[in-house]
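Have a look at the structure below before the remarks.
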């Protein structure tokens, strides 16, 4: 009899164990795992190159996963040289709509006291939801005082192998410049340019253009300001007639040697600072008969000042010129 009771007790214990396991399994499989929030930085789209006291603008979009709510946003800035990290932005539940996508624009000005020219700053953006899940992204700022384009090539007016004819200096671009084509549209498009074509044509971006190039009969290799008219820009007079904005850029040939322009021990920034564009002789808008090795000084309408080396000159109106610029704000 005792043996029978022991057997019954053992069976009951096993049944209880499996019942407990069954409940645990049911409880586990009934729980839905909530994913992490999403985060997308829409600006800047590449590394930014700015000077101290300029404004770094960060734009981002964040959304919680289904079943979660955004709880906070934190942005920090780290100097990669000194390893100093500071908080530049914080957003908490009070100003974040429940379960909604948020779009934020954050402006940050890096003061000179925060580092030195040449420093790199990493902005880290972290969004966290009410489940403790987070998403992280970064943006990079390089502190510069001198922007260097490296060598680039633009074609003369009749060049078919190089359609890029006009220069726009822009310190916020990775290379510090952008080149544009002449003309209204790609072949076969008639007078209605595509979106992509509009982005590459000078006449649709005339407010950005600082200099143009042509090879003239007597002027030979010539860099010119879009503000010019008449015979000084004869090869491009029709093109310029369609522009809604024609920026004024001062440009003139200097006596600076090419070896100094390219030299590592030469203070090019100091040389740029010495140029006085308020003097009448320096307010010319045309630099002609340029040769390889010449260095021109320029000042754009939006205040960029610099020097540009003629690396290689064009041979004729179907050829191209190679240039390299160094400039500052």
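In my numbering, the protein residues as written are 18 to 346.
The beta-carbon is built from N, C-alpha and C at its ideal position, and this holds for glycine as well.
As the structure is a prediction and not an experimental result, all values here were calculated from the model.
Residue burial classification, residue i (beta-carbon count within 10 angstroms, cutoff 16)
| i | result |
| --- | --- |
| residue 205 | Reliability fails at residue 205, whose pLDDT of 47 lies under 50, so the model's placement of it is uncertain and no value is given. |
| residue 104 | exposed |
| residue 64 | exposed |
| residue 227 | buried |
| residue 66 | buried |
| residue 332 | exposed |
| residue 239 | buried |
| residue 98 | exposed |
Pairwise C-alpha distance: residue j and residue i
| i | j | result |
| --- | --- | --- |
| residue 136 | residue 313 | 29 Å |
| residue 276 | residue 139 | 35 Å |
| residue 95 | residue 102 | 4 Å |
| residue 173 | residue 149 | 60 Å |
| residue 273 | residue 337 | 23 Å |
| residue 252 | residue 233 | 8 Å |
| residue 346 | residue 162 | 7 Å |
| residue 82 | residue 106 | 23 Å |
| residue 288 | residue 316 | 14 Å |
| residue 261 | residue 144 | 43 Å |
Whole-number beta carbon distance between residue j and residue i, since they are thought to touch under 8 Å
| i | j | result |
| --- | --- | --- |
| residue 146 | residue 87 | 6 Å |
| residue 158 | residue 73 | 5 Å |
| residue 318 | residue 266 | 6 Å |
| residue 330 | residue 309 | 5 Å |
Member of the options whose CA lies at the smallest distance from the CA of residue i
| i | options | result |
| --- | --- | --- |
| residue 123 | 90, 98, 96, 95 | 90 |
| residue 285 | 52, 343, 195, 247 | 343 |
| residue 171 | 190, 161, 198 | 198 |
| residue 118 | 219, 317, 54, 336 | 54 |
| residue 298 | 270, 107, 106 | 270 |
| residue 196 | 243, 188, 190, 182 | 182 |
| residue 229 | 295, 263, 346 | 263 |
| residue 224 | 184, 278, 330, 98 | 184 |
| residue 294 | 280, 322, 334 | 322 |
| residue 160 | 261, 134, 231 | 134 |
| residue 178 | 341, 334, 345 | 334 |
| residue 339 | 80, 169, 62 | 169 |
| residue 328 | 132, 316, 341 | 341 |
6 Å Cβ shell around residue i - same chain, five flanking residues per side excluded
| i | result |
| --- | --- |
| residue 237 | 306 |
Sequence-distant residues of the same chain with beta carbon closer than 7 Å to residue i, five excluded per side
| i | result |
| --- | --- |
| residue 60 | 74, 75, 76 |
| residue 189 | 65, 66 |
| residue 250 | 241, 257 |
Close-in-space but distant-in-sequence residues of the same chain around residue i (CB under 8 Å, 5 per side omitted)
| i | result |
| --- | --- |
| residue 142 | 56, 58, 75, 77, 90, 91, 92, 153, 154, 155, 156 |
| residue 70 | 126, 127, 128, 129 |
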